[in-house]
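Q: The following block contains the structure, expressed as structure tokens.
There are 2 protein chains.
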Amino acid sequence: MRWSQFYIPTIKEIPIGTEAVSHQLLLRSGLVQMLTSGVYSYLPLGLRVLRKIEGIINEEMNAIGARELLLPSLQPMELWKRTGRDETLKDVMIQFKDKKGRAMCLGPTHEEVITDLVKNHVRSYKQLPVVLYQIQTKFRDEMRPRFGIVRACEFIMKDAYSFDQDEQGLRKNYELMYTAYQKIFSRCGLKIVIVEADSGAMGGDISHEYMVPAEIGEDEVLCCDACGHACGINKGKDGSGCPACQKGTLTKKSAIEIGHIFQLGTKYSKALDVSFLDEKGQKKTVVMGCYGIGVSRLIATIIEKNNDAAGIVWPKEVAPFEVEILPLQVGDGDMMRQADELYDGLVRHGVDVFMDDRDESPGKKFNDADLIGIPYRITLGKRMLAEGKAEIKDRRSGTVFAVELARVAEKLKEVLR
Amino acid sequence: MRWSQFYIPTIKEIPIGTEAVSHQLLLRSGLVQMLTSGVYSYLPLGLRVLRKIEGIINEEMNAIGARELLLPSLQPMELWKRTGRDETLKDVMIQFKDKKGRAMCLGPTHEEVITDLVKNHVRSYKQLPVVLYQIQTKFRDEMRPRFGIVRACEFIMKDAYSFDQDEQGLRKNYELMYTAYQKIFSRCGLKIVIVEADSGAMGGDISHEYMVPAEIGEDEVLCCDACGHACGINKGKDGSGCPACQKGTLTKKSAIEIGHIFQLGTKYSKALDVSFLDEKGQKKTVVMGCYGIGVSRLIATIIEKNNDAAGIVWPKEVAPFEVEILPLQVGDGDMMRQADELYDGLVRHGVDVFMDDRDESPGKKFNDADLIGIPYRITLGKRMLAEGKAEIKDRRSGTVFAVELARVAEKLKEVLR
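Which chain is which? The protein sequence lines are A and B, in order. Counted the way numbering that gives the first Met the number 0 counts, the first sequence spans residues 0 to 416. Counted the way numbering that gives the first Met the number 0 counts, the second sequence spans residues 0 to 416.
Written out as structure tokens, the structure reads:
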């Protein structure tokens with residue numbers, strides 16, 4: 000991919016009215032654009048990040064036997080009345096009557112819809128467990144959207160749902176999800192704190208939140224200054240459930256909630272009457288779990304935790320590209336030939352490469368490279384090329400080193416894998 | 000992937016209240032499920048088809064320099080007032096007021112939003128052309144949803160938009176799209192008829208529709224019984240613009256519209272004031288085109304044109320899987336070992352393979368295989384295995400042939416590529 004054929008409207012200045020660094024960098028590096036308060040477009044570079052994260056989620060969900068589907072946003076209110084959540088969630092639900100007079104809403108979540116979907120199919124214990132998930136747009140009538148895509152009216156979530164014969168089955172799937180979430184966030188380059196949490200409007204007994212300590216967070220966790228270990232309090236609880244750390248002082252820190260998993264039990268399956276026949280031919284109620292990741296919010300959180308004064312510093316697995324080639328003089332035919340050769344060679348090696356082929360000053364191109372934060376930058380300049388070399392810069396460490404042109408691909412594969 | 004770990008709720012009977020064969024087969028083969036009239040969930044098998052089609056679209060869009068982004072569904076009505084389409088489209092738009100009192104709608108299309116987005120960036124002729132597209136959910140308050148996902152309230156579209164300096168640039172991008180659309184539909188296994196059409200609510204001068212003659216179609220085309228060539232009439236026009244065929248009789252046929260491309264000109268860029276400075280430093284208005292594919296409808300159309308009494312007959316490139324392995328006795332350890340070996344071998348060869356590992360009768364498994372319509376089925380039975388062979392069935396031709404186990408992968412690669 001080449002910059003001139005892409006669409007990356009970078010901005011030098013800090014946009015007016017933005018508090019969070021992640022919000023500023025999302026806008027400045029041309030990842031997203033605001034349409035109206037709380038509503039954002041993902042520009043091509045931002046969509047690439049989203050797709051990389053979706054790829055990680057798909058791999059980890061698939062590995063634990065969860066299957067992807069896609070549920071509708073339009074939902075009949077009648078379904079929500081049956082679980083009583085037309086009341087619980089009415090403050091955030093976008094509702095309207097359609098031309099046929101049906102009371103409808105835009106899904107802020109999908110427990111009701113998926114429970115109804117599984118009800119139409121599952122009859123016997125032989126068909127269980129079923130674990131399904133989707134990565135999909137959700138809607139909330141948010142009175143005070145904040146921090147860009149952290150708290151928005153339209154946002155992307157991964158939501159998974161497990162259906163089991165009994166509590167034991169639920170606990171097994173819950174543990175699989177618990178671990179899969181750790182892997183997902185670790186691959187996204189985040190250090191998380193897992194907190195036993197209040198189930199709130201979701202219902203059920205046990206639930207855990209995945210938190211990332213960060214200044215802009217609207218939740219709180221307790222962190223130990225000695226061992227680095229953190230346990231948590233949050234909205235619902237007052238720290239009472241949190242075991243005191245033996246080694247040091249616990250201090251409250253703000254944190255962003257990026258994931259939340261729930262052992263729902265039979266709340267939804269009872270309300271919507273989802274039952275099956277067990278081995279003995281007896282009718283039983285399906286036992287459910289649900290598992291969410293705030294995908295848009297996850298992008299903001301990654302940026303919030305990975306940036307410096309010059310811009311974003313993407314973790315490798317979620318970077319829009321792995322490597323950026325930056326030829327200093329695009330008017331120089333010889334230099335561009337070498338840049339193209341390098342580009343093609345890296346593509347052949349399976350490296351996700353990008354070239355800044357714009358006819359702009361070196362200063363502008365260097366600044367933009369730092370701003371959009373691709374992990375490795377290869378600079379091609381006249382003097383280096385005369386020696387048959389290119390310069391590689393590691394965005395995170397700032398380390399710069401010269402490598403023979405013929406060995407660039409090899410060197411990059413070494414640092415990337 | 001294995002059937003037992005997937006989620007494919009096949010149905011033997013024709014569902015009540017379904018007219019179109021495609022609608023029946025979408026439900027019966029566990030591709031989609033209805034939530035409420037005009038609103039459907041994509042089940043895992045249906046989502047695989049959707050992803051294959053998205054893959055084809057992405058490749059062909061990328062090949063002509065179009066870049067993918069993702070625009071919001073929530074849109075401020077204020078933007079629609081500026082182009083006057085708050086009136087033109089008011090019958091199909093889902094509108095509501097949010098908690099802040101903003102008049103909002105769910106995007107039935109995205110000309111206004113993308114024009115506003117590009118306006119924030121483009122200043123100079125050097126930044127043009129820009130061609131952007133998305134594959135995204137659209138909403139229409141459809142009074143009479145029909146034929147399943149053919150005419151629905153929530154559906155998936157690919158919509159692309161081109162921004163050029165002048166009419167000449169627009170025509171060039173229009174031609175690129177025109178050809179890319181032919182490739183996309185051909186790869187989906189469809190024979191299309193391209194019809195010069197009325198621009199309707201979109202505005203602009205020149206537009207073309209991509210039609211597939213089919214019984215359930217709500218549009219019409221003229222087809223020549225001699226040469227097979229078709230030209231079209233449709234809603235807006237009365238056949239007057241259609242050149243008479245020299246070779247045979249023209250007959251009216253029903254057709255489904257699966258794509259529509261428009262030379263919009265300056266309708267939206269003028270209304271929203273999107274201008275740039277040309278080479279001479281003079282202010283000019285950007286010239287636009289827009290290009291749509293009804294992705295959900297495309298899936299229904301493919302099924303409508305590719306089925307027989309037993310079920311769906313997927314074209315190779317859009318089939319949920321390319322090959323299905325069907326071991327007759329899953330209780331037979333030896334047979335399952337050979338099935339697993341075959342499965343792993345095909346995966347290694349890059350074949351998209353699926354196994355029906357259910358403990359069901361051969362009859363049930365054969366029927367379901369025909370119903371879900373995977374292009375090639377490999378049956379493993381005791382007698383054949385004793386001879387070191389498996390049976391391959393071509394779903395489309397019905398041809399069955401025996402192949403040595405060691406040569407199955409090779410044979411399949413031959414027929415698939």
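Ideal placement from N, C-alpha and C gives every residue a C-beta, glycine not left out.
(1) Any C-beta of chain A sitting closer than 9 Å to the C-beta of B/Q32?
(2) Output yes or no for whether 9 Å exceeds the beta carbon distance between B/R66 and A/P43.
(3) In whole angstroms, what is the alpha-carbon distance linking B/R395 and A/E278?
(4) Could you tell me which chain B residues have their CB closer than 7 Å to the CB of A/P71, listed as they occur along the chain?
(5) Write down every uninterrupted run of the beta strand (DSSP E) in the region 232-308 of chain B whose length is 3 residues or greater and which is fully enclosed by it, in chain order.
(6) What are the partner residues of A/A389, as DSSP defines its beta bridges?
(7) DSSP on A/S206, reduced to helix/strand/coil?
(8) Are B/K304 and B/K157 close, meaning C-beta to C-beta below 9 Å?
(9) Around the C-beta of A/P14, are 16 or more other C-beta atoms found within 10 angstroms, so that it is buried, or is it exposed?
(10) Near B/G235, which residues of its chain fall below 7 Å by C-beta distance, leaving aside the five closest residues on each side in sequence?
(11) State the DSSP-derived secondary structure class of A/S396, mapped to helix, strand or coil.
(12) How many angstroms separate the CA atom of A/Q94 from the CA atom of B/V91?
(13) With a threshold of 9 Å between beta carbons, is A/Q23 in contact with chain B?
(14) What's the C-alpha gap between B/V350 and B/K412?
(15) Which whole-angstrom value describes the C-beta separation of B/L404 and B/A385, a residue pair presumed to lie in contact below a C-beta threshold of 8 Å?
(16) Under 8 Å between beta-carbons, which chain A residues line up against B/M64? List them in chain order, please.
(17) With a CB to CB cut of under 8 Å and the five nearest residues on each side skipped, what residues in its chain are close to B/E141?
(18) Using a 10 Å radius around the Cβ and a threshold of 16 neighbouring Cβ atoms, would you call B/T378 buried or exposed?
(19) Taking only beta-carbon atoms, is B/Q164 less than 9 Å away from chain A?
(20) Under 8 Å: do the region 290-309 of chain A and the region 21-33 of chain A share three or more Cβ pairs, one atom per stretch?
(21) I'd like the span of the alpha helix (DSSP H) that includes A/V407, first residue to last.
(22) Please go through the region 95-142 of chain B and give each complete beta strand (DSSP E) segment of 3 or more residues, from N-terminal end onward.
(23) What did DSSP end up calling B/Q181 once you bin it into helix, strand or coil?
(24) Can you round the beta-carbon distance between B/C187 and B/P314 to whole angstroms, since I take them to be within the 8 Å contact cut?
(25) Can you grab the Cα-Cα spacing for the pair B/K171 / B/D272, in whole Å?
(26) Is the CB-CB distance between B/M210 and B/E256 below 9 Å?
(27) Could you tell me which chain A residues have their CB closer than 8 Å to the CB of B/M142, listed as they occur along the chain?
(28) When the cut-off is 9 Å and only beta carbons count, does B/I373 lie next to chain A?
(29) Just curious, the beta strand (DSSP E) that A/F365 is in, first and last residue?
(30) Let me confirm a value: B/K266 is counted as buried when at least 16 other C-beta atoms fall within 10 Å, else exposed. Which label applies?
(31) Using a Cβ-Cβ distance under 9 Å, would B/G238 count as near chain A?
(32) With 16 other CB atoms within 10 Å as the buried threshold, where does A/P374 fall?
(33) Taking all protein chains shown into account, do 16 or more other C-beta atoms lie within 10 angstroms of the C-beta of A/A338, making it buried, or fewer, making it exposed?
(34) Run through DSSP, which three-state label would A/T82 get?
(35) Using the rule of at least 16 other Cβ atoms within 10 Å of the residue's Cβ for burial, across every protein chain shown, is B/D367 buried or exposed?
(36) Taking its Cβ as the centre, do 16 or more other Cβ atoms sit within 10 Å of A/S268, making it buried, or is it exposed?
A: Walking through what the data contain:
(1) For the purposes of this step, residue 32 of chain B is taken as residue 33 along the second sequence, with counting starting at 1. Answer yes: the Cβ-Cβ gap between B/Q32 and chain A drops below 9 Å somewhere.
(2) Taking the second sequence and counting its residues from 1, the one referred to as residue 66 of chain B is at position 67. Taking the first sequence and counting its residues from 1, the one referred to as residue 43 of chain A is at position 44. Yes; because the gap between Cβ atoms is below 9 Å, this pair is in contact.
(3) Here residue 395 of chain B is taken as the residue at index 396 of the second sequence, counted from 1. Here residue 278 of chain A is taken as the residue at index 279 of the first sequence, counted from 1. Cα to Cα, the separation comes out at about 40 Å.
(4) Start at 1 with the first residue of the first sequence, and residue 71 of chain A comes out as number 72. What A/P71 touches in chain B: L34, V38, Y39, S40 and E153.
(5) 249-264, 274-276, 282-284 and 286-293
(6) The residue given as residue 389 of chain A occupies position 390 in the first sequence. A/A389 is bridged to A/V402.
(7) Here residue 206 of chain A is taken as the residue at index 207 of the first sequence, counted from 1. Note: A/S206 maps to strand in three-state DSSP.
(8) Reading the second sequence from its first residue, position 305 is the one you call residue 304 of chain B. Reading the second sequence from its first residue, position 158 is the one you call residue 157 of chain B. It is not a contact, given that the beta carbons lie outside the stated cut-off.
(9) To locate residue 14 of chain A, count along the first sequence from 1; it is residue 15. Exposed is the call here.
(10) Looking up residue 235 of chain B in the second sequence gives position 236. Model confidence at B/G235 stands at a pLDDT of 49, short of 50, so the residue's coordinates are unreliable and nothing is read from them.
(11) Position 397 of the first sequence, counting from 1, holds the residue named residue 396 of chain A. Residue state, collapsed to three classes: coil.
(12) Mapped onto the first sequence, residue 94 of chain A falls at position 95. Mapped onto the second sequence, residue 91 of chain B falls at position 92. A/Q94 and B/V91: Cα-Cα distance of roughly 17 Å.
(13) Mapped onto the first sequence, residue 23 of chain A falls at position 24. Closer than 9 Å: no.
(14) To locate residue 350 of chain B, count along the second sequence from 1; it is residue 351. To locate residue 412 of chain B, count along the second sequence from 1; it is residue 413. Approximately 7 Å between the Cα atoms of the pair.
(15) The residue given as residue 404 of chain B occupies position 405 in the second sequence. The residue given as residue 385 of chain B occupies position 386 in the second sequence. Going by Cβ atoms, the distance from B/L404 to B/A385 rounds to 11 Å, so no, they are not a contact pair.
(16) For the purposes of this step, residue 64 of chain B is identified with residue 65 of the second sequence, where counting begins at 1. Residue identity check: residue 64 of chain B is Gly in the sequence provided, not Met. Those are Q4, listed as they occur along chain A.
(17) Reading the second sequence from its first residue, position 142 is the one you call residue 141 of chain B. Once the five neighbours on either side are set aside, the close Cβ partners of B/E141 are G37, V91, R150, A151 and C152.
(18) Numbered from 1 along the second sequence, position 379 holds the residue referred to as residue 378 of chain B. Buried.
(19) Taking the second sequence and counting its residues from 1, the one referred to as residue 164 of chain B is at position 165. Answer no: the Cβ-Cβ gap between B/Q164 and chain A never drops below 9 Å.
(20) yes
(21) Stepping through the first sequence from its first residue, residue 407 of chain A is reached at position 408. Segment V407 to L415, the alpha helix (DSSP H) holding A/V407.
(22) 102-105 and 129-138
(23) Counted from its first residue, the second sequence places residue 181 of chain B at position 182. B/Q181: helix per DSSP, three-state reduction.
(24) Taking the first residue of the second sequence as position 1, residue 187 of chain B is located at position 188. Taking the first residue of the second sequence as position 1, residue 314 of chain B is located at position 315. Yes, they are in contact, since the Cβ atoms of B/C187 and B/P314 sit about 6 Å apart, within 8 Å.
(25) Within the second sequence, residue 171 of chain B is the residue found at index 172, counting from 1. Within the second sequence, residue 272 of chain B is the residue found at index 273, counting from 1. B/K171 and B/D272: Cα-Cα distance of roughly 23 Å.
(26) As a working note, residue 210 of chain B is residue 211 in the second sequence. As a working note, residue 256 of chain B is residue 257 in the second sequence. A contact, by the Cβ cut-off of 9 Å.
(27) Taking the first residue of the second sequence as position 1, residue 142 of chain B is located at position 143. Within chain A, the residues near B/M142 are K98 and K99.
(28) Position 374 of the second sequence, counted from the start, is the residue given in the question as residue 373 of chain B. No, B/I373 does not count as interfacial toward chain A.
(29) Counted from its first residue, the first sequence places residue 365 of chain A at position 366. No beta strand (DSSP E) contains A/F365, which is instead part of the alpha helix (DSSP H) from P361 to I371.
(30) Residue mapping note: residue 266 of chain B aligns to position 267 of the second sequence, counting from 1. B/K266 is buried by the Cβ-count criterion.
(31) One-based indexing of the second sequence puts residue 238 of chain B at position 239. Note on B/G238: pLDDT 44, under 50, position unreliable in the model; the coordinate value appears next. So no, B/G238 is outside the interface.
(32) Here the question's residue 374 of chain A lines up with position 375 in the first sequence. Buried, because 16 or more other Cβ atoms sit within 10 Å of the Cβ of A/P374.
(33) Within the first sequence, the letter at position 339 stands for residue 338 of chain A. Buried, because 16 or more other Cβ atoms sit within 10 Å of the Cβ of A/A338.
(34) Within the first sequence, residue 82 of chain A is the residue found at index 83, counting from 1. Helix.
(35) On the second sequence, residue 367 of chain B is found 368 positions in, with the first residue counted as 1. Buried: at least 16 other Cβ atoms inside 10 Å.
(36) For the purposes of this step, residue 268 of chain A is identified with residue 269 of the first sequence, where counting begins at 1. Result: buried.
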